[in-house]
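K.L.:
Heads up: the protein sequence lines correspond to chains X and C, in order. Count along the first sequence starting at 1, add 2, and that's the number in this note's numbering. Count along the second sequence starting at 1, add 2, and that's the number in this note's numbering. A virtual CB, placed ideally from N, CA and C, is assigned to each residue, including glycine. The structure presented is a predicted model; accordingly, all values stated were derived computationally and were not measured.
2 protein chains.
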Amino acid sequence: MIIDAHSHVHDPVGSHLRLLDDAGVDRTVLFATRPHPERATDLNSLRHEMSALDRAVGGHDNSLDGYRAAWREQDDALAAHPERFIGFGSVPLGLPEEQIAAMIDQEVVGRRLVGIGELTPSPGQASRLDPVLKAAHDHGGLPVVVHGFAPTTAEDLHTLSILAGRYPSVPLIVSQLGGLNWMTAVELARDTPNMYVELSTAHLVFAVKLAIRELPERTLFGSDTPYGYPLLARATVERVTSPGEVRDLVLGGTMGRLLGIL
Amino acid sequence: MIIDAHSHVHDPVGSHLRLLDDAGVDRTVLFATRPHPERATDLNSLRHEMSALDRAVGGHDNSLDGYRAAWREQDDALAAHPERFIGFGSVPLGLPEEQIAAMIDQEVVGRRLVGIGELTPSPGQASRLDPVLKAAHDHGGLPVVVHGFAPTTAEDLHTLSILAGRYPSVPLIVSQLGGLNWMTAVELARDTPNMYVELSTAHLVFAVKLAIRELPERTLFGSDTPYGYPLLARATVERVTSPGEVRDLVLGGTMGRLLGIL
Chain X
3 MIIDAHSHVH
13 DPVGSHLRLL
23 DDAGVDRTVL
33 FATRPHPERA
43 TDLNSLRHEM
53 SALDRAVGGH
63 DNSLDGYRAA
73 WREQDDALAA
83 HPERFIGFGS
93 VPLGLPEEQI
103 AAMIDQEVVG
113 RRLVGIGELT
123 PSPGQASRLD
133 PVLKAAHDHG
143 GLPVVVHGFA
153 PTTAEDLHTL
163 SILAGRYPSV
173 PLIVSQLGGL
183 NWMTAVELAR
193 DTPNMYVELS
203 TAHLVFAVKL
213 AIRELPERTL
223 FGSDTPYGYP
233 LLARATVERV
243 TSPGEVRDLV
253 LGGTMGRLLG
263 IL
Chain C
3 MIIDAHSHVH
13 DPVGSHLRLL
23 DDAGVDRTVL
33 FATRPHPERA
43 TDLNSLRHEM
53 SALDRAVGGH
63 DNSLDGYRAA
73 WREQDDALAA
83 HPERFIGFGS
93 VPLGLPEEQI
103 AAMIDQEVVG
113 RRLVGIGELT
123 PSPGQASRLD
133 PVLKAAHDHG
143 GLPVVVHGFA
153 PTTAEDLHTL
163 SILAGRYPSV
173 PLIVSQLGGL
183 NWMTAVELAR
193 DTPNMYVELS
203 TAHLVFAVKL
213 AIRELPERTL
223 FGSDTPYGYP
233 LLARATVERV
243 TSPGEVRDLV
253 LGGTMGRLLG
263 IL
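1) Per the contact definition of three or more C-beta pairs closer than 8 Å, is the region 239–248 of chain C in contact with the region 14–28 of chain C?
2) With DSSP collapsed to three states, give me the class of residue 240/X.
3) Please list the partners that residue 44/C has in chain X, where partner means a Cβ-to-Cβ separation under 9 Å.
4) The alpha helix (DSSP H) with residue 89/C in it runs from where to where?
5) Show which residues of chain X have a CB atom less than 8 Å away from the CB atom of residue 208/C.
6) Would you mind sorting residue 220/C into buried or exposed? The rule is 16 or more other CB atoms within 10 Å of its CB.
7) When the cut-off is 8 Å and only beta carbons count, does residue 241/C lie next to chain X?
8) Can you give me the C-alpha to C-alpha distance between residue 152/X and residue 81/C, rounded to a whole angstrom?
9) Checking 8 Å against the spacing of the C-beta atoms, do residue 103/X and residue 137/X come in under that value?
10) With distances taken Cα to Cα, identify the nearest neighbour of residue 140/C among 123/C, 106/C, 206/C.
11) Measure the beta-carbon distance from residue 257/X to residue 222/X and round it to whole angstroms, keeping in mind my assumption that it falls under 8 Å.
12) Using C-beta distances below 6 Å, list every residue in its chain close to residue 68/X, excluding the 5 sequence neighbours before and after it, in chain order.
13) With a threshold of 16 other CB atoms inside 10 Å of the CB of residue 71/C, please say whether the residue is buried or exposed.
14) Figure out for me which residue from 155/X, 262/X, 31/X, 76/X has the closest Cα to the Cα of residue 182/X.
15) Under a three-way DSSP split, which group does residue 5/X fall into?
16) Could you pull out every unbroken alpha helix (DSSP H) segment of at least 4 residues lying fully inside the region 17–76 of chain X, listed in chain order?
17) Fully enclosed by the region 108–193 of chain X, which alpha helix (DSSP H) runs are 4 residues long or longer?
18) Taking Cβ positions only, does residue 234/C come closer than 8 Å to chain X?
19) Between the C-alpha atoms of residue 90/X and residue 77/X, what's the straight-line distance to the nearest angstrom?
20) Using the three-state DSSP reduction, which class does residue 256/C fall into: helix, strand or coil?
21) What separation, rounded to the nearest whole angstrom, lies between the Cα atoms of residue 12/X and residue 56/X?
22) Is residue 85/X close to chain C, meaning its C-beta is less than 8 Å from at least one C-beta of that chain?
23) Where does the unbroken beta strand (DSSP E) through residue 100/C begin, and where does it stop?
24) For a cutoff of 8 Å on Cβ pairs, would you count residue 185/X as touching chain C?
25) Can at least three beta-carbon pairs, one atom from the region 160–179 of chain X and one from the region 162–170 of chain C, be found at a separation below 8 Å?
26) Output yes or no for whether 8 Å exceeds the beta carbon distance between residue 149/X and residue 122/X.
27) Determine the contact status of residue 269/C and residue 145/C, defining contact as a CB-CB distance below 8 Å.
28) Relative to the C-alpha of residue 215/C, which candidate in 99/X, 48/X, 206/X has its C-alpha closest?
29) Between residue 189/C and chain X, is any beta-carbon pair separated by less than 8 Å?
30) Alpha carbons only, please: which of 109/X, 249/X, 20/X, 158/X is nearest the one belonging to residue 129/X?
31) On the CB-based measure, 16 or more other CB atoms within 10 Å of its CB, does residue 197/C come out buried or exposed?
32) To which residues of the same chain is residue 249/C closer than 8 Å at the C-beta, ignoring the five residues directly before and after it?
33) Looking at C-alpha atoms only, which residue of 41/C, 233/C, 6/C is the closest neighbour of residue 31/C?
34) Residue 237/X and residue 234/C look like a contact to me (Cβ under 8 Å); what is the Cβ gap, rounded to whole Å?
35) Determine the burial state of residue 179/C: buried for a count of at least 16 other Cβ atoms within 10 Å of its Cβ, exposed for fewer.
36) My guess is that residue 172/C and residue 188/C are in contact by the Cβ rule of under 8 Å, so how many angstroms apart are they, rounded?
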């Protein structure tokens, strides 16, 4: 089974399904989203959508209203296509710690979502994920996905590896191969058995190649649709691997095992 | 004719030709290079190669010996495959201004190279390109290619647009779509008729799509081999364009016109 480990609710949902079909992808992890860059038709409209993204990935927009609207969109997509979409739930990291566990009970487990993410702490604030990982542990080791590209910093990646060490039952997935800090992400994951890297929007082909070589069982194919496309992300993995067990693990085997669906 | 607007001398050269063949690319612009990341087989050897890159793109390694070794490699590749490789020449930007013109006479025009690049000013130092653009103008408007990803800054892109305005006969090509500053690069190019953007290693598919939409006649397909692969770079362009005139311009028509080979 080919599983895209990273995508966001796409407007319209039908065009997301076509992107998956074009790439021969069976299922995709689906995160909620506030910005919709796929709606942009020119630079001005994109700047408008991206300003929402900048607030989100900077951890500055934690209004529950914004989250709830995004969750409704996600619920609709999941209900319409349960055979294609695998729902993960996000939580506002700006909440007091004690409310985070309640929010995960209610909005992740309560909505029958199977993982947590994509989480986007403010730069330098990755330690705020501690109560999330604790809740993930308390729910039997839910996978947790953290945004890895800028503004996430190399220091944040170090913090994440320490948190992962504290909750070894929780698979901690660093998205976008850690962005420009991809070598740090791979080295930290090499030394942290429950840390995984997801490959979307990696801009260097040899970064993808070496990540898979160093972490054959903990590297996940992902597109970050609509920021990347499944077809191109899959072609990148296939360009740097040979047919066989490792490629199969990267393209879906490992994610399927983490989710218990293989 | 399909022309890759950005690649570096690859070790071995034969594997570069296979990458071009796999992607159906007829010819590629070829820059000299000091680091050879394609040689790396694991993270440690890559860190060694990348430290050379960091010095080069930071503008800190301007020893002529390093340049001369890279130029010899490039001359060998150009002599062996003149039907595939289009040679551009680099110059050390750390030289005094008056020596830069002499160096371009001798090492670019004197070696029958048809453009200048890839140039990598230190961050914030793009104004050092003024004597290069002046020489390019004096030689009839040689195209000049400037590294666009980090450590090049948004301020550097602004400086480049001012320099381009000063030498309107010189096509100024910003590589890697300006990296994380891609929106700035596209907006500046929109207002600067002799400024072009090259698409290699762009990490967002809609950045490629919107760049082509805003600048259909000044957007160039490029792979930045070995940092990217021609097949994936071409697939990205084809994913966001329809068959027709604009796609043909991006994939080679515009570069061919700039070089007078179409």
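P.N.:
From the atom records:
1) Segments in contact, no.
2) helix
3) Simply 212, 215, 216.
4) Note, residue 89/C: premise wrong, no alpha helix (DSSP H); beta strand (DSSP E) at 87–91.
5) 39, 40, 42, 48, 228, 229
6) buried
7) It does; some Cβ of chain X falls within 8 Å.
8) 42 Å
9) The Cβ-Cβ distance between residue 103/X and residue 137/X falls below 8 Å.
10) 106/C
11) 5 Å
12) 36
13) exposed
14) 155/X
15) Residue state, collapsed to three classes: strand.
16) 45–59
17) 132–140, 156–168, 184–192
18) Closer than 8 Å to some Cβ of chain X, the Cβ of residue 234/C qualifies, so yes.
19) 10 Å
20) It is helical.
21) 18 Å
22) no
23) In this chain, residue 100/C is not harboured by any beta strand (DSSP E); it is covered by the alpha helix (DSSP H) spanning 99–105.
24) By this cut-off, residue 185/X is an interface position.
25) no
26) yes
27) The shown model of chain C, from 3 to 264, leaves out residue 269/C, and the question about it has no answer.
28) 48/X
29) The beta-carbon of residue 189/C is placed less than 8 Å from the nearest beta-carbon of chain X.
30) Taking each of 109/X, 249/X, 20/X, 158/X in turn and checking the Cα distance to residue 129/X, the smallest one comes out for 158/X.
31) Flag for residue 197/C reads buried.
32) 239, 240, 243
33) 6/C
34) 6 Å
35) buried
36) Rounded, the Cβ-Cβ distance is 20 Å, inconsistent with contact.
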